[in-house]
Amino acid sequence: MLTEGTIIIIDLDNFSEMIKQKGWSEWRPNDATALLTTLVHDLVNKWSAHVIWGLDEERGTEEVIIEIPLVEPSELKEDLEYIRRRLNEIGVGVSIVAIKDFVGVDRATQRRDAYKSTPGRRRALKLLKALKRRGGNAVLIVD
28 MLTEGTIIII DLDNFSEMIK QKGWSEWRPN DATALLTTLV HDLVNKWSAH
78 VIWGLDEERG TEEVIIEIPL VEPSELKEDL EYIRRRLNEI GVGVSIVAIK
128 DFVGVDRATQ RRDAYKSTPG RRRALKLLKA LKRRGGNAVL IVD
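Okay, so the sequence shown: first residue is 28 according to our numbering, each after it adds one.
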């Protein structure tokens, strides 16, 4: 059942370059992916959110799609900015998009389905790509 809510995509900027530069492993949690995993857990618990794709405690989280029913994107601005600031403190950029759209609670089993299975997720991905082309490391809220 679909209801109005917020779709959030969080993606570390220039991840491949960052791990090479810092000498981190991409196969196990590093400073950035471990921190993002913790911050996503905190956000999910605070807002009773649903992780659709990407939360990975075994390898660390590089990208994640979250849906929160009955919450406006603007209500999340402070928490999303906090995530960006915390990652910036360790020298990592992150792009975050939060848009209002219809959400469901169907967890994706494949990355492609996670991003393409609903019009709202496709729109959020398009906005994320545009944000990254402009340099990333920002939070975009679309009510």
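We put the CB at the ideal spot given by N, CA and C, even for glycine.
Exercise. Can you tell me which of the three DSSP states D133 falls into?
Key: coil
Practice problem: Report yes or no: do the region 76-92 and the region 48-65 share at least 3 C-beta pairs separated by less than 8 Å? | Solution: yes
Quiz item: Is G131 near M45, with beta carbons less than 8 Å apart?
Solution: no
Exercise. Rank L70, W51, D83 and K153 by C-alpha distance to the C-alpha of R111 and give the top, closest one.
Key: L70
Exercise. Kindly list the residues whose CB is nearer than 6 Å to the CB of K159, restricted to its own chain and excluding five residues on each side of it in sequence; keep chain order.
Key: S122
Exercise. Out of R113, Q137, A151 and G118, state which residue places its alpha-carbon closest to the alpha-carbon of Q48.
Key: G118
Practice problem: Using a threshold of 8 Å, state whether the C-beta atoms of W74 and V91 are closer than that. | Solution: no
Practice problem: Give the DSSP bridge partners of V98, in chain order. | Solution: Its beta-bridge partners do not exist; DSSP assigns none.
Quiz item: Between L103 and E31, is the Cβ-Cβ spacing less than 8 Å?
Solution: no
Quiz item: The alpha helix (DSSP H) spanning E116 covers which residue range?
Solution: K104 to E116
Quiz item: Straight-line CA distance for V67 to D83?
Solution: 10 Å
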